[in-house]
Amino acid sequence: MRRVEMALRQLLFRSKPWFRSRTHGATRFYSLGPLSEGRRSFVDKISGTFLGWAAAGLAVGGFYYCHLETAPETGRRRFMAVSQEQERLLHHLVLQEALEKYRDKILPLHHPITQEVRRITRRIVSASNLGYLKEDMSDPEHPIVDCWSTLISEFFGTKISRPPLMDPNKEWVVLVIDDPKLDLAFSGPGLVCVSTGIMSITRDEDGLAAVIGHEIGHVIMRHSAEGFSQNRLLLPLRSLFYLLHIYLGILTLHVLHSLPHSRALEVEGKWSDMLAIKLMSRACYDPAAAPRCFEDLGKINHITEPTFLRTHPPSADRVAHLKALLPESYKIYKSNLECSQLEQMRARGILGRVKIDLRTGARHEVP
């Protein structure tokens, strides 16, 4: 009887659920034991990844902050990671790319159309002490000078004094692309390039001066170097997306960063327009030609893209902005002694406004 009672007690004790649970839990916990070598917990992995990304983010953020500067004229804070030496190298790269891309269409230096474009560019850069054209200094003792200043000096017996333009860092290259179907104008550090196609839209030298002045304004404000700096900053991320075949990431990066940045530059491009109209006014070109020229260009290059995909502002906005700048521009024009003397020569029929025959390159002066 006693043996039967002991057997029943032992059976009941072993059948208790808490006994089975505790024993099973303890055994399981003990079986896992401490972490083996080479294995980390999920939390450790997340922490390591977070610290790595945080360190990379701090490094990029520090690099970005250390290369911020204030843009001239606008006062906008911008990222600029291109030194003056690198910008000179960028000038050579952009020039070589243009020469390679349009090698069969670039007009020679002695061509009448090239000479006319160079004359206008020379006038603009010399009037604002921005430098000289490269080939003009082939003979430093007898440099090529602005022809208007020479005519005015000979006619009125006066000499317009200007600061020296011999700084080797102020060298400009002018290229003309012979393509009547290409309405193109672009610039790079120390480079101005226009096509004969856009010259048919600008009508005369004043309109062409507006286009050239706008491109020179981009150079002065270092927009090419700024764009290069932005690409340099985003290159690692673009490369990562490309290697991982995340093409949606590349497109997203383009829409969310590149296009807004381009539009920001074009908002600042209004400042380039303002700078351009001042440059052409100082060089005695009629500032009213600027809104007229860009209005004509807007009729040809009509923008049909959605607003968020645009890289240029609507032509109507640009024209309205330029027209609003005309009163101040005419003040600059009339305050220049050369401009008033030039107007006197035009009134007497001694000098007219130049139009160029794009087929022959012949110059025609019109009242």
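Residue 169 in full-length UniProt numbering sits at position 169 of the sequence shown, and the numbers go up by one each step. No residue lacks a Cβ here, since even glycine has one placed at the ideal position from N, Cα and C.
Comparing C-alpha distances from R292 to each of L191, L58, E205, E100 shows the shortest one belongs to E205. In the three-state reduction of the DSSP assignment, G62 falls in the helix class, which pools H, G and I. The straight-line gap separating the alpha-carbon atoms of S272 and N231 is approximately 22 Å.
An exposed status is given to I300, since fewer than 16 other beta-carbon atoms sit within 10 Å of its beta-carbon. Between D183 and I201, the CB-CB gap stays under 7 Å. Secondary-structure assignment with DSSP links W172 through a beta bridge to L133. Under the three-state reduction of DSSP, C284 is assigned to coil, being neither helix nor strand. Straight-line spacing of the CA atoms in G188 and V219 works out to 6 Å.
Beyond the five residues adjoining it in sequence on each side, F186 comes within less than 6 Å, by CB distance, of C193 in the same chain, given in chain order. Within the region 81–124, the runs of alpha helix (DSSP H) at least 4 residues long that lie entirely inside it are, in chain order, 84–101. Of all C-beta pairs linking the region 117–135 to the region 280–292, three or more are shorter than 8 Å, placing the two stretches in contact. Counted as a single uninterrupted DSSP element, the stretch harbouring R292 is not any beta strand (DSSP E) but the alpha helix (DSSP H) occupying residues 289–300. Only buried fits C339, as 16 or more other CB atoms lie within 10 angstroms of its CB. Here R78 is bridged, per DSSP, to E69. In the DSSP assignment, S128 falls outside any beta strand (DSSP E) and carries neither an H nor an E. Looking at the DSSP output, I177 bridges to I106, S195.
Of Q341, V117, F294, L342, the smallest CA-CA separation from K323 is found for F294.
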